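Chemist:
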Amino acid sequence: MGKNILGISAFYHDSAAAIISNGEIIAAAQEERFSRKKHDPRFPINAINYCLQEAFIEPGELDAIVFYDNPLRSFDRIIKNFIMTGENGLAQFEKAIPSILGVKLWIQDYVKNSIGTLGKIDKLLYSEHHLSHAASAFYPSPFDNAAIITIDGVGEWSTSTIGIGNGNKIEMLKEINYPHSLGLLYSAITYYCGFKVNSGEYKLMGLAPYGKPEYFDLILDNLIDVKDDGSYMLNTEYFGYLDSLKMTNDKFNSLFGGNPRDPESRITYREMNIAASIQKVLEYVMLKMAKYVRKDTGMENLVLAGGVALNCVSNGLILKEKIFDNIWIQPAAGDAGGALGSALAINYLYFSQERKLNPTGRDSQKGSYLGPAFSNNEIQAFLDRNDYPYERIENGDTRFTKIAEALSEGKIVGYFGGRMEFGPRALGARSIIGDPRNIETQSKMNLKIKYRESFRPFAPSALAEDVSKYFEMDVESPYMLLVAPVKEERRLPFDLGNFLDNDDDMIRIVNKARSDIPAITHVDYSARVQTVNILDKPDYHNIIKKFKEITGYGVIVNTSFNVRGEPIVCTPLDAYKCFMRSDIDILVLEEYILHKTNQPNYKDKENWKEEYELD
Amino acid sequence: MAQIFEYHPVFGYRFIPGVKARVLHEDGGYLVKANNVGFRCNRDFNTKNGTDKFRILVFGDSFTAGDGVSNSFRFTDLLEKYNDNLEVYNFGLPGSGTDQQYLIFKEYAANTSYDLIIINVLVENIRRIVSHYRNFIDGEGNMKIFMKPYFAIDNGGLILKNVPPDKEPIDISKLDSEERRKIDFGGRFPQLRNFLIKNNYESIFHKLTRWKPYPEYDKENNDSWQLMKSILKDWVSFNNKKIVIVPFPHYYYTEGLSDPVNYLKRFSELGKESNCDIWNPLPYFNELSLQERRKFRFEKDVHPTKYGHEVFSNYLRDKINSFMNNIKLN
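Residue numbers (this note's numbering), protein chains in the order written: chain A, 1360 to 1974; chain B, 154 to 483.
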């Protein structure tokens, strides 16, 4: 008999909940989307509430509730770390211990207090951190068997694991343990470059193409010892995270010739070059590890999860090298995905349920559209209650054409349609979209809409059937987790070196066309591609198709529907606020279209920007 | 919290048709599902009864709609669950007064075939029918005041006012002092009440002060009661043989904190005057111990718990069986 299982991740960063029923993923969402606090680590009461709503079941109907990691093993690591570092590690210990003793060991009480039950088995189950990641990568994948790699900062003791999945079983084969962590190395350099740990890593990856990997050898010679099988050890003398509250220490700073960058200061060549270097190191390790895993397991398929699996540049390289025949990456690869993975792990490994692959041959992640949707009735109720002017276009064809026309005229559209995405990427359900042909789209979107750094690239959403017309890519990338080069014939002459020789004003670089789709072409001609398949997201596919009919281009710009530091919008109210706070021209809420020019003056909190911290 | 109500031009607001939600609550949360015309009912309403089932239409406020419990745990759903021959349509609307419930009947149910109508009048409704405005907390936690439809008595007849109510919230500063008194903030002395509830002093306070929560029932000629009586008499006049009124007691009465005699007297008089049945569940409730009766409501929220709904459905089941048997005998 099928099982209803609720998975929960919490108390580190990016709390989330997920619910599965009879092996089917019913719902999954991050707490931040409801609480409006980015990377909210608190107990995900709102996400749990949503999951129960979507499944429309009572808590008492849950067969099991599972937490994504094992707090006792994390406790063990913290204690041993303290013993190892002695008094020097006291500050770090004092910071870590309340989260374990004060919260994590009492998770069962949190659950019982919030939903009144621990499920039919009347006890909270605990998965293990990397098993949760592994399960989130393997079970929703379209593969009956696959090699599994999980890499993140740290979970309990592990920082990297290798395993295999076969049918409904997962076997963990090897692991690298704390303090040796590729994720923490990347985070240390994220911190050093002035970005926020656990969220700014993505910026560092975006910054890397502007620089030259001048520090590659320095990092390999001093910070990390990489073996041929991709295993590695860090030189812990250079890192602050063992015995202080900082990621790096004086020795690290001396190695790179100065103090960490002040977060609000200008980004210089040095940061660009350090970013390029650590990105190259990460790719170097990942390629070695992938090659070893292929050889060691003999598997043709690879699945990936853990925060490092969000590094789409590295993923793209593994794909390009054709180390595996097929790759699938969990779109919620970070800790949020642990909620989903833990539920799946319990379903198959604890309850020994039969695993059924999606008969279409596609994955079982449902496009990662696993969050809340809002009906037209709900949207109209919201608009009418607030008296916001709108135009309702019930005919999909007419509506999609209208949206595509607006895009082709250079308008920026906030698009809100269907179920919200699970994971950090917006995939056309909560997206801001624009015309990729327009040279100013990138800087306009960055500076006037997202209020973020100008250098950050935007991603393309391309018709799945047309992707190879624009990119050196012949596989689907529905979750925007693969980077591919823009087609050679579309590129325009552009020498990054010439720009950098003059000054480091990245606005000038950003505004220089690099292809006939400049808004989504990064300075190294790469693009973080989302392929849109009509089976996954018909409404979004139709918009791009209409855009192609008008312009000849089956690709648009897609960025997450939020402003700097804000979680992606969840409700019509969130979307309306973001629309009115930015230079978005048109807001589409399902069948309802709102034009900025028609809207009444919006009375906003004067300090709304302060609500959202810079990553 | 997601928006689950929308504007309605006749009775002010209703559930958004088709809405599905889980509302966070002190007991965890509860599942809400509305049908295609915006009532918290698992089924869409058919005006014609094409089955052999005995159809009951139930009207009331949040105690009927089931604030605090999922659809399936409400007394209306339990009645159906334990009797396959019953079909129960729940027209409950949280926060509504008997005036709005009467408008719902006229708008959606007057042309619907039925075998029995139950008007579940929470005794507190006497206060809501005299209010012209009602507070509402929006999605961002801000309190807004909206117009509410209401009846006034004119030359012995009922005159409907505030229909259609404005869609937009009203600006209180533009109301004169008389109209300001017509805003329903959910009862008398709201700040004191919140303080007492927060600190669990409510029961002690009521006992010590011999609290009379609804003095409107004290005298037969009270204006509020006269209005309530007019509304109910008008409603019952549609079919006094098939409409019953249930004066539903607040916990002050079920827990023996206040004397129910006056409200019971008023409803008894109404039954005689309008020749309709008054079903008083209080004696049935009082058969249980005080400890059991305390479980009718949540720790903080006064709405009926699952247990409260279960006990009430047991009471109604017996009454409905008797009613059905009488029909057969006649």
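Beta carbons are placed, not taken as given, at the ideal position from N, Cα and C, and that holds for glycine.
From a predicted model like this one, the values you see are computed outputs, not experimental measurements.
1) Along the chain, where does the beta strand (DSSP E) that runs through G1773 of chain A open and close?
2) Hey, D197 of chain B and N189 of chain B: beta-carbon distance below 8 angstroms or not?
3) Does the contact criterion of 3 or more C-beta pairs under 8 angstroms hold for the stretch 1622-1640 of chain A versus the stretch 1555-1570 of chain A?
4) Are the stretch 314-330 of chain B and the stretch 269-279 of chain B touching by the rule of at least three beta carbon pairs closer than 8 angstroms?
5) Could you tell me whether the Cβ of S1380 of chain A comes closer than 8 angstroms to any Cβ of chain B?
6) Given that a residue counts as buried once 16 or more other Cβ atoms are within 10 Å of its Cβ, and exposed if not, what is A1668 of chain A?
7) Just by C-beta distance, which residues in the stretch 314-347 of chain B are closer than 7 angstroms to chain A?
8) Taking one C-beta from the stretch 1541-1554 of chain A and one from the stretch 1606-1615 of chain A each time, how about it: are there three or more such pairs within less than 8 angstroms?
9) My output table needs one value for F212 of chain B: the three-state DSSP class, helix, strand or coil.
10) For my contact list, I1404 of chain A and S1473 of chain A are in at a C-beta cut-off of 8 angstroms; report their separation, rounded to the angstrom.
11) Determine the closest residue to D164 of chain B out of B:L256, B:F212 and B:N195, with distance taken between C-alpha atoms.
12) Determine whether the Cβ of E463 of chain B lies closer than 8 angstroms to any Cβ atom of chain A.
13) Tell me, to the nearest whole angstrom, how far the beta carbon of L210 of chain B is from that of A262 of chain B; I am working on the premise that it is less than 8 angstroms.
14) Considering only their Cβ atoms, is the gap separating I1367 of chain A from I1407 of chain A smaller than 8 angstroms?
15) What does a CB cutoff of less than 6 angstroms around V389 of chain B pick up in its chain, not counting 5 residues either side in sequence?
16) Helix, strand or coil: which one does DSSP assign to V190 of chain B?
17) Quick check on DSSP: helix, strand or coil for D1511 of chain A?
18) Quick one: residues in its chain with C-beta nearer than 7 angstroms to the C-beta of I1416 of chain A, no 5 flanking neighbours on either side, listed in chain order?
19) Taking DSSP as the reference, what is the three-state secondary structure of D1743 of chain A?
20) For M381 of chain B, count neighbouring Cβ atoms within 10 angstroms of its own Cβ and tell me buried if that reaches 16, exposed if not.
21) Quick one: Cα of P413 of chain B to Cα of N374 of chain B, how far?
22) Looking at C-alpha atoms only, which residue of A:N1527, A:G1617 and A:E1949 is the closest neighbour of Q1739 of chain A?
23) Look up G1726 of chain A in the DSSP assignment and give the residues it is bridged to.
24) Out of B:F192, B:Q379, B:L177 and B:S223, which one is the CA nearest neighbour of Y1409 of chain A?
25) Quick one: is Q444 of chain B buried, meaning 16 or more other Cβ sit within 10 Å of its Cβ, or exposed?
26) Can you tell me whether DSSP reads W1465 of chain A as helix, strand or coil?
27) Looking at D252 of chain B and I298 of chain B, is the spacing between their C-beta atoms short of 8 angstroms?
28) Are the C-beta atoms of E1391 of chain A and some chain B residue less than 8 angstroms apart?
29) Rounding to the nearest angstrom, what Cα-Cα distance links P322 of chain B and F258 of chain B in this structure?
30) Would you be able to state if there are at least three C-beta pairs under 8 angstroms between the stretch 1751-1765 of chain A and the stretch 1525-1542 of chain A?
31) With DSSP as the reference, please indicate the residues paired to R1714 of chain A in a beta bridge.
32) Name the DSSP bridge partner or partners of F1954 of chain A?
33) In terms of DSSP beta bridges, what is D230 of chain B paired with?
34) Between which residues of its own chain and H1881 of chain A is the CB-CB distance below 6 angstroms, once the five residues before and five after are set aside?
35) For I1762 of chain A and I1792 of chain A, what's the separation of their Cα atoms in angstroms?
36) Kindly say whether F1775 of chain A, judged by its beta-carbon, lies nearer than 8 angstroms to any beta-carbon of chain B.
Modeler: The structure says:
1) Translated into the one-based positions of the first sequence, residue 1773 of chain A becomes position 414. Note, G1773 of chain A: beta strand (DSSP E), V1772 to F1775.
2) Here residue 197 of chain B corresponds to residue number 44 of the second sequence, with the count starting at 1. Here residue 189 of chain B corresponds to residue number 36 of the second sequence, with the count starting at 1. Cβ distance < 8 angstroms, so D197 of chain B and N189 of chain B count as in contact.
3) Touching, per the Cβ criterion.
4) no
5) Counting from one through the first sequence, the residue named residue 1380 of chain A turns up at place 21. No, its Cβ sits nowhere closer than 8 angstroms to a Cβ of chain B.
6) On the first sequence, residue 1668 of chain A is found 309 positions in, with the first residue counted as 1. A1668 of chain A should be labelled buried.
7) K320 and E321
8) yes
9) Locating residue 212 of chain B in the second sequence gives position 59, where the first residue counts as 1. The answer is strand: DSSP assigns F212 of chain B an E or B state.
10) As a position in the first sequence, residue 1404 of chain A is number 45, starting the count at 1. As a position in the first sequence, residue 1473 of chain A is number 114, starting the count at 1. Yes, I1404 of chain A and S1473 of chain A are in contact; Cβ-Cβ is about 5 angstroms, under 8 angstroms.
11) In the second sequence, residue 164 of chain B corresponds to position 11, counting from 1. Sequence inspection shows Phe at residue 164 of chain B; the Asp mentioned does not correspond to that position. When each option's Cα is compared against that of F164 of chain B, the closest is B:L256.
12) By 1-based counting over the second sequence, the position of residue 463 of chain B is 310. Not one chain A Cβ lies under 8 angstroms of E463 of chain B.
13) Here residue 210 of chain B corresponds to residue number 57 of the second sequence, with the count starting at 1. Here residue 262 of chain B corresponds to residue number 109 of the second sequence, with the count starting at 1. About 5 angstroms separates the two Cβ atoms, so the contact holds.
14) Mapped onto the first sequence, residue 1407 of chain A falls at position 48. Mapped onto the first sequence, residue 1367 of chain A falls at position 8. Taking 8 angstroms as the Cβ cut-off, I1407 of chain A and I1367 of chain A qualify as a contacting pair.
15) For the purposes of this step, residue 389 of chain B is taken as residue 236 along the second sequence, with counting starting at 1. In its chain, beyond the 5 residues on either side, I396, S427 and C429 have a beta carbon closer than 6 angstroms to the beta carbon of V389 of chain B.
16) What you label residue 190 of chain B is simply residue 37 of the second sequence in a count that begins at 1. Correct three-state label for V190 of chain B: coil.
17) Counting from one through the first sequence, the residue named residue 1511 of chain A turns up at place 152. Reduced to three states, the DSSP call for D1511 of chain A is strand.
18) Locating residue 1416 of chain A in the first sequence gives position 57, where the first residue counts as 1. N1363.
19) Residue mapping note: residue 1743 of chain A aligns to position 384 of the first sequence, counting from 1. Secondary structure of D1743 of chain A (DSSP, three-state): helix.
20) Looking up residue 381 of chain B in the second sequence gives position 228. By the neighbour-count criterion, in which 16 or more other beta carbons inside 10 Å mark a residue as buried, M381 of chain B falls on the buried side.
21) By 1-based counting over the second sequence, the position of residue 413 of chain B is 260. By 1-based counting over the second sequence, the position of residue 374 of chain B is 221. Distance between the alpha carbons of P413 of chain B and N374 of chain B is about 18 angstroms.
22) Taking the first residue of the first sequence as position 1, residue 1739 of chain A is located at position 380. Residue A:E1949 is the option with its Cα nearest to Q1739 of chain A.
23) Numbered from 1 along the first sequence, position 367 holds the residue referred to as residue 1726 of chain A. Looking at the DSSP assignment, G1726 of chain A forms no beta bridge with any residue, so it has no partner.
24) The residue labelled residue 1409 of chain A in the question sits at position 50 within the first sequence. Per the Cα distances, B:L177.
25) Taking the second sequence and counting its residues from 1, the one referred to as residue 444 of chain B is at position 291. By the 10 Å Cβ count, Q444 of chain B comes out exposed.
26) Taking the first sequence and counting its residues from 1, the one referred to as residue 1465 of chain A is at position 106. Residue state, collapsed to three classes: helix.
27) Walking along the second sequence from the start, residue 298 of chain B turns up at place 145. Walking along the second sequence from the start, residue 252 of chain B turns up at place 99. Taking 8 angstroms as the Cβ cut-off, I298 of chain B and D252 of chain B do not qualify as a contacting pair.
28) Counted from its first residue, the first sequence places residue 1391 of chain A at position 32. E1391 of chain A does not count as touching chain B.
29) Within the second sequence, residue 322 of chain B is the residue found at index 169, counting from 1. Within the second sequence, residue 258 of chain B is the residue found at index 105, counting from 1. For P322 of chain B and F258 of chain B, the distance between alpha carbons rounds to 25 angstroms.
30) no
31) As a working note, residue 1714 of chain A is residue 355 in the first sequence. Answer is none; R1714 of chain A lacks a bridge partner.
32) On the first sequence, position 595 is the one that residue 1954 of chain A refers to. Correcting the residue type first, residue 1954 of chain A is His in the shown sequence and not Phe. Partner(s): A:I1945.
33) For the purposes of this step, residue 230 of chain B is taken as residue 77 along the second sequence, with counting starting at 1. Its beta-bridge partners do not exist; DSSP assigns none.
34) Working through the first sequence from its first residue, we reach residue 1881 of chain A at position 522. Excluding positions up to five away in sequence, the list reads P1568 and P1816.
35) As a position in the first sequence, residue 1762 of chain A is number 403, starting the count at 1. As a position in the first sequence, residue 1792 of chain A is number 433, starting the count at 1. Distance between the alpha carbons of I1762 of chain A and I1792 of chain A is about 10 angstroms.
36) In the first sequence, counting from the first residue as 1, residue 1775 of chain A sits at position 416. Judged by the 8 angstroms Cβ criterion, F1775 of chain A is not in contact with chain B.
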